[in-house]
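Read through the structure below, which is laid out as structure tokens, and then see the notes.
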Amino acid sequence: MNDVIFLIGYRGVGKTTLGQRLADRLGFTFLDTDQLICERKGKPVRERVKEGGWKEFRRCEEDVLAELSSKAGSVIATGGGAILHRQIWRKLREEAAIIWLTADRDVLCERIAGDSSTNAMRPSLTGKGVCEELEDVLTKREPLYGETSHFKIDTGKMNVEDAIKRIMVELSFPSGKKE
Ligand code: S3P
51 MNDVIFLIGY RGVGKTTLGQ RLADRLGFTF LDTDQLICER KGKPVRERVK EGGWKEFRRC
111 EEDVLAELSS KAGSVIATGG GAILHRQIWR KLREEAAIIW LTADRDVLCE RIAGDSSTNA
171 MRPSLTGKGV CEELEDVLTK REPLYGETSH FKIDTGKMNV EDAIKRIMVE LSFPSGKKE
């Protein structure tokens with residue numbers, strides 16, 4: 051049974067929604083790498099990237115991730131691009147449970163475009179529109195999510211409650227509480 055759980059996956063897969071509910075169920079702390087990054091500078095991702103560029107954002111993301119492996123009793127939602135820090139995931143994979151959340155591309159496209167936090171938290175990665183960008187970026191990242199995760203859940207086909215049940219079974223949590 052792991053007591054550090056990372057949720058990985060592309061934008062819009064439901065890492066924050068599921069993560070908060072899962073943390074509540076387990077009596078764990080919920081953490082979100084984007085929130086931690088923003089708190090460090092007091093600015094949303096879009097402003098941060100506008101001022102410092104993606105390179106600076108990724109550097110901060112890497113620092114935040116490296117600090118999180120020791121946060122026992124936590125569910126951690128990570129930004130979609132956090133998977134790019136490959137070296138760190140090799141270590142995290144040995145110490146924590148890593149769950150890849152996925153959904154079909156048309157579902158993601160619709161969710162991202164319709165999510166009120168997209169404007170502040172998801173500046174364009176490529177200069178393309180949401181759906182075209184998703185095709186390009188997700189194609190490159192999918193193998194990384196796959197090799198890093200212990201198992202995956204399709205949030206387009208499973209509701210939050212069923213996803214939580216599946217995770218509890220996969221991670222051998224016998225009841226709703228941390229053992
Ligand atoms: C990013 C995803 C975002 C946020 C930033 C970069 C990415 O997080 O970290 O905009 O590279 O895919 P969410 O996956 O929570 O939207």
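Counting in our numbering, the sequence shown runs from 51 upward without gaps.
Note that the Cβ used here is the ideal one computed from N, Cα and C, for glycine as well.
Item                                                                                                                                                  : Value
Using 7 Å as the threshold, is the C-beta distance between Ala127 and Glu111 below it?                                                                : no
With H, G and I counted as helix, E and B as strand and the rest as coil, what does DSSP make of Ala146?                                              : coil
Using only Cβ atoms and a threshold of 5 Å, which residues come within that distance of a heavy atom of the ligand S3P? Order them by chain position. : Arg61, Asp84, Val95, Gly129, Gly130, Gly131 and Arg172
Quick test of the definition: if touching needs 3 or more C-beta pairs under 8 Å, does the region 73–89 touch the region 150–161?                     : no
Less than 6 Å separating the Cβ of Glu145 from some heavy atom of the ligand PLP?                                                                     : No copy of the ligand PLP appears in this structure; the ligands present are the ligand S3P.
By how many angstroms is the C-alpha of Pro224 removed from the C-alpha of Lys178?                                                                    : 45 Å
Express the C-alpha separation of Ile214 and Leu107 in angstroms, rounding to a whole number.                                                         : What sits at residue 107 in the sequence shown is Phe, not Leu. One C-alpha to the other measures close to 31 Å.
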